[in-house]
Structure formats: structure tokens, C-alpha cells
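In terms of this note's numbering, the sequence shown opens at residue 104 and continues consecutively. Virtual Cβ for every residue (Gly too), placed ideally from N, Cα, C.
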Amino acid sequence: QRQVTMRVLDRLLPEGRKASDVLGPRTANHIAYQEHRELPPAVAEEVRGAIKFWWGYMPGHTAYPWVFPNDGNVARVGLTMPIGMDIGNVREREKYALLRPEDERIPTGKVYVRRLLEHVYGDEYDVEADFPLVSDRGKRDGTETYAISSTRPIDSPAAAGIAVTGGAMGATSAFHEG
């Protein structure tokens, strides 16, 4: 997808300029982690037909947990976060719902997903019993981890009615940034 986007943008730029020189990182700088979970019927109905994001629940620019509904009551519960964050550089740690005072490093994707489910649904549900992992999905036992290369959202001339986004990270980041 990124390769197609860059070639299209290259045609619109002045001679000698390439979109990839300013937009495209050459290495992965974010990680995505997701678990395929069976949701309780009421939760599945709540998220059906929409992707749900929780902005500001974890540190990092373009870091956020999410639920993507799949089929039936199954959804992918996951997150995207920068690779290599140092928890020592996170200011005001207490403002992030998915961090704990005892965290000595940035939590793993698995820990973040568990904390998200407990934070959002733990008052009403037993997370382990009511949100079981669907082990026959995903790349491995109901889970998937994959690297993403992303840039900060670019400034789009939105006042002119133009919004430039690309891929899941670019589109959701641009939406998040307004």
C-alpha cells in the first residue's frame, strides 16, 4: 500500500522531489499487537460496525489501543505503539490508564491488552472467562504481532477540503490529530 501511495504522490510533486524522501521511513518504528477475542454479546453489539479507539490511554505519539470487530462476536483487541520507548522518558505516567506505578518498562502488547479489557470492561465482566482468546485465528494461537513503519501525521490543507492520509496508522493518526 505504501509503495502505491508513494508512486502516486511522486507524480504530483515537482521534478526531482520524491514523496518517500519526506514521508516514508525506511525502517519499522511501530509495533502492532492484537488478540482475537470472543466478546460478550452486549460488548459485541456495542462495537459492531465500528472500530473503537482509546486515545491517551498509553504513552507515545500514535500509540493507542483499539477493538476491530470481525465476524459474529469475535473482534481483534489490540494496540499500536512506538518501538523502543523508554518508560523513564514518560512524563506524568499517572495520566495513562494502562500504565502502573510499578511498571519498570513499557508493558508488552499482551499486558496492555489485558489492562485495557480490565479497565474498560472489568467492572461488569470476568475478563478471562468472558473474553476468551480465539486460538484458531491470527498468526499464532489467536495473536498477531507485526511491525509498521509510520510517520507523524502530515499537515493536510484541510481548510481547502483536502485530507492526506495513508494506511491504518496514517489515517487513524490524522484523525486523532484532528
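- With a contact defined as Cβ atoms closer than 8 Å, Thr248 and Ile134 qualify at about 7 Å.
- With respect to Tyr136, Met161 sits apart: the two C-beta atoms are not nearer than 8 Å.
- The DSSP assignment places 133-141 and 167-172 as complete runs of the beta strand (DSSP E) inside the region 132-180, in order along the chain (cut-off: 3 residues).
- Ranked by Cα distance from Gly187, the options Ile209, Tyr215, Leu202 and Phe234 are led by Ile209.
- Per DSSP, reduced to three states, the secondary structure at Ala200 is coil, with no helix or strand assignment.
- Between the region 237-245 and the region 189-205, the count of C-beta pairs closer than 8 Å stays below three; the two stretches do not touch.
- In this structure, DSSP gives Glu231 a helical state, which the three-state scheme calls helix.
- Annotated as distal: Gly159 and Met184, with beta-carbon spacing of 8 Å or more.
- Secondary structure of Arg217 (DSSP, three-state): helix.
- In this structure, the CA atom of Glu231 is about 14 Å from the CA atom of Val223.
- Closest in alpha carbon position to Asp229, among Val146, Gly119 and Val111, is Val146.
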